[in-house]
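Visitor:
Residue numbers (the working numbering): 4 to 196.
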């Protein structure tokens, strides 16, 4: 794996190799072993999340297919089941580009699975909401979704599954804080040089 192929977060060693120990400097970068360990943890986390993303997308496609949806359509419809949202709000919540959500939202509207509604807070940014047909499609995914949740709970155990959710939510919050420049609880700001 090279940085050119996998981006700046990816470098060797990978998850199957032991983490470095001790206070020796890394010969290649002269970084302390602790910094190298932190980089390895970040790389392993990113690789794990990328793998999970691929796994969840494949599973979601299989669950959504019988309902006549794609994983992306299901994701956008799911984002507006509780309340209508503007496309920018959906994109922000999902961590993807507004343009991607706009394209999917327009397709959902064209297929009669969603509709645009006036937005009292912003004249130009319409709200997306599911139609009854869209809600019905998402409801048809429910049994398969519930079965998968039960199987995953059996595999992980209730407590470990709940802890996994907490850790992933904490990671997302921490990355949001780093991206915005505001340290979150538990993430120290970089030390001044």
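Glycine is no exception: its CB is placed at the ideal position from the N, C-alpha and C atoms.
Determine the DSSP secondary structure at residue 128, reduced to helix, strand or coil.
Guide: Here residue 128 refers to the residue found at position 125 of the chain shown. Here residue 128 carries a coil assignment [DSSP, helix/strand/coil].
Visitor: Here's a check: name, in chain order, each residue in its chain whose Cβ is nearer than 6 Å to the Cβ of residue 156, leaving out the five neighbours to either side.
Guide: Position 153 of the chain shown holds residue 156. Only 164 meet the Cβ criterion.
Visitor: Closest by CA to residue 149, which one among 57, 63, 55?
Guide: Residue numbering aside, residue 149 sits at position 146 when the chain shown is read from its first letter. Measuring from the Cα of residue 149, the nearest candidate turns out to be 63.
Visitor: Out of 91, 143, 53, 111, point me to the one whose CA is closest to residue 102's CA.
Guide: Counting from 1 along the chain shown, the entry for residue 102 is found at position 99. Closest option to residue 102, Cα to Cα, is 91.
Visitor: Classify residue 83 as helix, strand or coil using the three-state DSSP reduction.
Guide: In the chain shown, the residue the question calls residue 83 occupies position 80. Coil at residue 83, not helix or strand.
Visitor: Can you list, in chain order, the residues of its chain whose CB lies under 8 Å from that of residue 162, leaving out five sequence neighbours each side?
Guide: On the chain shown, residue 162 is found 159 positions in, with the first residue counted as 1. Counting only Cβ-Cβ distances below 8 Å, and skipping sequence neighbours, we find nothing.
Visitor: Cα-Cα, which of 83, 121, 51 is closest to residue 141?
Guide: Locating residue 141 in the chain shown gives position 138, where the first residue counts as 1. When each option's Cα is compared against that of residue 141, the closest is 83.
Visitor: Who are the Cβ neighbours of residue 129 in its own chain at under 6 Å, not counting the five residues just before and after it?
Guide: Looking up residue 129 in the chain shown gives position 126. Cβ within range, chain order: 119, 122.
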